[in-house]
Amino acid sequence: MKTKLRRVMRYGAALLVAISILAPMGWLFLMSVSSASDLSRVPLEWLPRQWDFSRYQGLVSLAPNQPGNIFLHALGNSLLVATVATAISLLLAIPAAFSFSRYSGRDAWLSGALAIYMVPPVAFVLPLYFLLQQLGLLNTRPGLVMVYCSLILPFLTWMLKNQFDSLPRDIEQAARLDGLRFWQVLLRITLPLAKPVLGAAALFGWLLAWDEFFYALLFTSNISAQTLPVAIAGFTAGRATDDGLIAAIGILASVPPLFIAIWLQKTLVSGLTSGGSKG
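What follows is the structure in structure tokens.
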């Protein structure tokens with residue numbers, strides 16, 4: 001009886017979580033295919049009287065005076081900046097995390113790096129602005145990549161360091177006795193064992209860059225470098241805002257993270273579960 005009750009409670013909790021996630025997305029989709037009159041009708045109707053997919057057509061079109069001219073450029077900028085920043089941060093975080101995990105006396109450096117997250121982002125605006133200005137990287141995608149790396153790298157280093165701490169060191173010690181050096185041990189022994197968490201770390205780092213708005217707003221001034229969150233804010237800045245268009249943008253903007261999460265689903269689950277256990 002207790003087992004059945006626990007099962008019912010578990011499935012009930014899972015159902016509530018699923019509803020809390022899917023219900024807003026469902027309402028966002030209904031808004032995106034509703035006409036302006038349907039959205040402003042009182043009392044509000046849950047289903048549109050006429051399904052209108054013209055907003056999606058405009059967002060994927062590069063024809064003149066179509067929102068796709070802004071949306072598609074911003075989407076490409078976000079994909080490029082988030083992917084490059086995550087790749088660079090992951091390549092730097094792996095040896096850094098391995099060093100923090102295997103060599104004593106370096107925890108203070110890691111704690112200092114993590115302390116960055118306790119400082120309000122606005123505190124770094126002027127230093128980063130003058131740095132990008134001196135390097136000629138204002139309003140450029142490489143400039144955003146550099147800024148995002150400073151945000152992602154400490155987080156990935158901390159995440160990977162915890163995973164490396166949980167790995168058995170007997171194999172590494174045996175490899176060192178056989179004459180393998182630092183990089184050989186890392187590449188041949190440690191990374192294959194830590195492979196599940198690499199996918200999880202990459203996903204979380206990518207989402208940090210994908211959702212970032214504050215620095216992208218301050219350090220970009222036109223569509224040549226603006227990312228998707230900034231473009232979405234631009235669509236809402238007009239006097240006559242099309243709520244259905246904003247909803248359609250929200251739906252399309254959720255597609256890349258969804259595909260990446262599905263692609264890395266097994267790795268993500270393995271990484272999260274292995275990170276919480278000692279082996």
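Numbering of the sequence shown is given in the UniProt record's numbering, commencing with residue 1 and proceeding in unit increments. Here a beta-carbon is modelled for each residue, glycine too, at the ideal position from N, C-alpha and C.
Within this structure, are the beta carbons of Phe155 and Ala194 separated by less than 8 Å?
no
Cβ-based burial, Val255 [other Cβ within 10 Å; buried from 16]
exposed
Confirm, please, whether the CB-CB distance from Ile232 to residue 299 is below 8 Å.
What is shown of the chain runs 1 to 279, which leaves residue 299 out entirely.
Option nearest Ala23 by Cα separation, candidates Leu264, Phe259, Ile251:
Cα-wise, what sits closest to Ala23 is Ile251.
Secondary structure, alpha helix (DSSP H): runs of 4+ residues fully inside the region 182-262
Within the region 182-262, the complete alpha helix (DSSP H) runs of at least 4 residues are 182-185, 195-211, 214-219, 228-235, 243-253.
Can the beta-carbon of Met146 be found less than 8 Å from the beta-carbon of Leu138?
Contact: no.
Between which two residues does the alpha helix (DSSP H) holding Glu45 run?
Going by DSSP, Glu45 is part of no alpha helix (DSSP H) at all; its letter is neither H nor E.
If you check the beta carbons only, do Leu186 and Phe53 fall under 8 Å apart?
Between Leu186 and Phe53, the CB-CB gap reaches or exceeds 8 Å.
For Leu16, count the other beta carbons within 10 Å of its own beta carbon; 16 or more makes it buried, fewer makes it exposed. Which is it?
So Leu16 counts as exposed.
Just to check my reading of the structure: Gly205 and Leu92 have Cβ atoms closer than 8 Å, yes? What is that Cβ distance to the nearest angstrom?
In fact, because the Cβ distance is near 11 Å, the residues do not count as touching under 8 Å.
Out of curiosity, what's the CA-to-CA distance linking Ala74 and Thr227?
Just so you know, the alpha carbons of Ala74 and Thr227 end up roughly 5 Å apart.
Residue burial classification, Trp210 (beta-carbon count within 10 angstroms, cutoff 16)
buried
Does the region 53-71 come close enough to the region 110-128 that 3 or more CB-CB pairs lie under 8 Å?
Remark: fewer than three beta-carbon pairs, one from each stretch, lie closer than 8 Å, so the region 110-128 and the region 53-71 are not flagged as touching.
Inspect the beta-carbon positions of Leu44 and Leu30 and report whether they are closer than 8 Å.
no
If you follow the alpha helix (DSSP H) that Tyr148 is in, where does it begin and where does it stop?
141-166
Closest to Thr220 by CA distance: which of Ser34, Arg6, Val8, Val81 is it?
Val81
Euclidean distance between Cα positions of Tyr148 and Leu135:
16 Å
Separation of Asp178 from Asp170, as counted between CA atoms:
Distance between the alpha carbons of Asp170 and Asp178: 13 Å.
Extent of the continuous alpha helix (DSSP H) run through Gln66:
That residue, Gln66, is in no alpha helix (DSSP H); it is neither H nor E in DSSP.
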